[in-house]
Amino acid sequence: MDLRKNLRLNSGVQLVAVVVICVLLNILAVQHFSRLDLTQDRVHTLSQAGRALMGRLERPLIVKVWFTKGLEAPYNNHEQLVVDKLQELRAWSRGRMEIVVIDPTNDSDLQEEAQRYGVLPNDYAFRTESRTELKKVWMGVAFLYGERQATLPAVTNLSALEYDLTRTIKSLLDGERKLVGYTTGHQEPDLLTAKGPLENLRAKLSEAYELRAVDLTAREAPPEGLDALLIVGPQGVYGALEQYRLDQLIMDGVPVAFFLTNYKPDLNTMRAVPVLHGLEALLGNYGVELNRDLVADRVSNGKMRFPVRQGSYLVYTPINLPLIPNVSDLSQDSVVVRGLGTMQFPFVSSIDLPEPTADGVKVEVLARASSQAGRIKNVQRIDPDAYKRRDTSEEIGAWPLIVSLQGTFKSFHAGRDIPDAVGPEEAAGRANESVPTRVVVGGSADFIANNIPFMVNLVDWMVQDEELISIRSKTVQVPMMRPLEPRERDTLKAVNLLGGTVFLLLFGVLRRLSRRRA
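For the sequence shown, this note's numbering gives the first residue as 1, with consecutive numbering after it.
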C-alpha cells in the first residue's frame, strides 16, 4: 500500500513539476525567444533594421488588427501570420507596443471605428456546397502613435509583410514624409497622373514619399525642401536656365537621378527615332559620358510586340529583340540592386566613365550588360531581322548601363556666366561646389515602369533611407520544384504510396527477429 502511495505521490510531483516548468518556459519565451529559420534568405527572421526600428519607440504604439474570423483559403492563415509578425516586433519594443485583435464583422460600431482609421472592407466569396455568397470582410491594420496614425487598409499579400509593417511604423516615427520631385515640361511622363505600369510605381512611391512635379522653367526657383529629384525620359532639350537650376540643386545637396532615352521606337516605320535632351555636357561635368548608341544582346534578350501580317490582318506578336537586353550583372555591393535578379533594359545606351575619377567622388556601376553585348552607333532600324548578325562596327563588351556617384561635385557653371533668365536673388545663392550628395545616371527611361523594386530601392538610397531596403529584399515566395522526368515522377509516387507500408513491415520483421534471438 505504501508503495502505491509513493508512486502516486511521485507521479503527482512530476506532473506539477512539468506544468511549472512549462509555465516558466513560456514566460521566459515571451522575453527571450529563438527560432530556427532554414530559408535561404532567412525570410522568417526579423531583420536587424526591424529590431533597431522598434528600439526607437519613445511612447506607446497601439496596433489594432481588424480581421474577420473564419476566412477560407487563401486568407485562412493571414490573421495568425500578421499577429505573429507583430508579436515578434513587439518583443523588441521594450514593452512599448500593444496589439489588439478585433473582429468587426457583425458589429456596426466597430465597423465605423475601423473606417475612421482607414481600414476598409473587402469583397470575399464564401463558398458552401450549395452556393457562393459574397460578403464584406475585414483584413486591415491600424497603427496609433500619440497623435499620429497610419493604416494598412487590406493585408491581402503576405510576401512582403515585414516590410509593410516596418515601413508603416517608420512613417509614424519619422513624422513628415520626404519630398521627391520629378521634372516636367519636356514630354516626360507625369508620375502623378500617368496610366499603365507607371501607376504601380506611383502607388509604391506614394506609400513612403510625397511626389511633386517640378517645372524648371518657372519664374520662381525650384521648391525648397526637395529630398530627391527624378528626371525620367525627357523628349525635349533642356535650356540654359533649366540646366543651371539642375546644377544648383546638385550643388545644394539634392540627389538627382537621370534616366535618359536616346532613341525611341516607331512601330509604324520600324525606325529608331533620335531623342535630344541636351544633358550630355552636364553629365560629363560630373564624370559620366552617356553615349548616343544602343546596346544589343543577341544571346539574352526580351520580347516586344511587332505588327505581323496574317492574311488581311495585322496581328501584334511578341518577338525577341536584341535591343532589349536581359541584364543579370548587378552590383552585389550595392543595396539598390543586390538580390534583384534579372532586369530588362529596352533601348538602352551605354555609359563610359572617364579616368581618373574626380577627387572625393565614388563611382559604382549598378548594372552592366553581359560580355557578349555590343553597342551600335547611328541606329536606324528596330526590326529584329536587322540584328540577326553582328555588324563589323559593333563594339563588344560588358558596358555600364546604370551608374551611381557619391561625393562632392564641381559646378557645371563654375567659371561661366550665369544664364540671363536667372533672377538676381537666385543668382546670389550660386554655389561652385556641392555638399556631399548622390547622382545616378541610367541609359534608358523605358525600363523603370517594369522594375519597381529597383526604383523604390533607388529612391530610398537617394534620400539615405537605407534601413528598409534590406527588409524589402526579403520576400516570402514558395520555391519552385525542379521539373521531374516521367520516370522520376512515377518512382516518387510509388515511394509515397508504398514507402510507409514497406517500412512498417521491415520494422515488424526486424523486431520479431530480435525477440527470437533474445
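Note that the Cβ used here is the ideal one computed from N, Cα and C, for glycine as well.
With a CB to CB cut of under 8 Å and the five nearest residues on each side skipped, what residues in its chain are close to residue i?
i	result
R56	L173
R309	V315
G236	G185, H186, Q187, L276 and H277
R368	V327, D329, A398, W399, P400 and L401
L61	S93, R96, M97, E98, F143, L144, Y145, I169 and L172
A281	F412
Less than 8 Å between the CB atoms is what I'm expecting for residue i and residue j, so what's the real figure, rounded?
i	j	result
I382	E289	Actually they do not touch by this definition, with Cβ atoms about 24 Å apart.
A257	V63	That pair is no contact at about 35 Å.
S447	M343	Note on identity: in this sequence residue 447 is Phe, with Ser being the wrong assignment. About 7 Å; that satisfies the 8 Å criterion.
L211	V254	At roughly 15 Å, the Cβ-Cβ gap does not stay under 8 Å, so L211 and V254 are not in contact.
F67	D109	The Cβ separation is near 17 Å, so there is no contact.
A431	Q243	15 Å between Cβ atoms; not a contact.
S434	F409	5 Å
V65	V101	5 Å
N301	L321	6 Å
V23	A228	Actually they do not touch by this definition, with Cβ atoms about 52 Å apart.
A49	I471	6 Å
P197	A449	4 Å
Have a look at the options and flag the residue whose alpha-carbon is nearest the alpha-carbon of residue i.
i	options	result
S334	L246, S404, I452 and K170	S404
K178	D329, V155, G225 and W92	G225
G118	L134, A142, V100 and M97	A142
K204	N451, R416 and I396	N451
G339	P453, N77, S93 and E485	P453
V422	S300, M270, A240 and F409	A240
E58	G146, F345, D215 and P197	G146
L46	A91, N291 and Y313	A91
D215	A150, D190 and G442	D190
R519	L506, G500, N457 and K362	Nothing can be reported for residue 519, as the shown portion of the chain is limited to 1 through 518.
A52	L28, A73, L81 and S93	S93
L144	G175, V16, L229 and G374	G175
L366	G360, T357 and V337	V337
R219	P424, V509, V463 and L510	P424
I231	I21, Y182 and H78	Y182
Please go through the same chain and pick out, in chain order, the residues whose beta-carbon is closer than 7 Å to the beta-carbon of residue i, but skip the five residues on each side of it.
i	result
P479	Low local confidence applies: a pLDDT of 49 at P479 is under 50, so the model's placement there is unreliable, and no value is given.
Q477	Unreliable placement is indicated for Q477, whose pLDDT of 48 sits below 50; the coordinate value is still reported in the next sentence. Excluding positions up to five away in sequence, the list reads S159.
Y263	A272, V273, P274, V275, L294, F347 and V379
P222	V214, L216, R245 and L249
I376	D293, L294, A296, D391 and E394
I418	Y244, A427 and R430
L192	R202, L211 and A213
T357	G287 and V363
Using 8 Å as the limit for Cβ to Cβ distance, is residue i near chain B?
i	result
E58	You won't find chain B in this structure, because it holds only one protein chain.
Using the three-state DSSP reduction, which class does residue i fall into: helix, strand or coil?
i	result
F454	helix
F258	strand
Y387	helix
E395	strand
K410	strand
P401	Checking the displayed sequence, the identity of residue 401 turns out to be Leu instead of Pro. It is a strand residue.
F306	strand
K64	strand
F503	helix
Y238	coil
A228	strand
Q149	strand
P318	strand
I382	coil
Y313	strand
G12	helix
G415	coil
T544	The question about residue 544 has no answer, for the chain in this structure spans 1 to 518.
Q248	helix
P325	strand
A421	coil
Q372	coil
A428	helix
Q48	helix
L330	strand
R515	helix
V348	coil
E79	helix
R438	strand
Suppose the cutoff is 6 Å on Cβ atoms and the five residues either side in sequence are ignored; what does the same chain contact list for residue i look like?
i	result
G233	E188, T261 and A445
A154	N122, M139 and G140
R148	L172
T105	T68
Segments assigned beta strand (DSSP E), at least 3 residues, entirely inside the stretch 104–136: If only complete runs of 3 or more residues are kept, the stretch 104–136 shows the beta strand (DSSP E) at 122–127, in order along the chain.
Sequence ranges, alpha helix (DSSP H) only - wholly within the stretch 263–299, length at least 4: 280–286
Beta strand (DSSP E) runs wholly inside the stretch 183–215, at least 3 long, in chain order: 209–214
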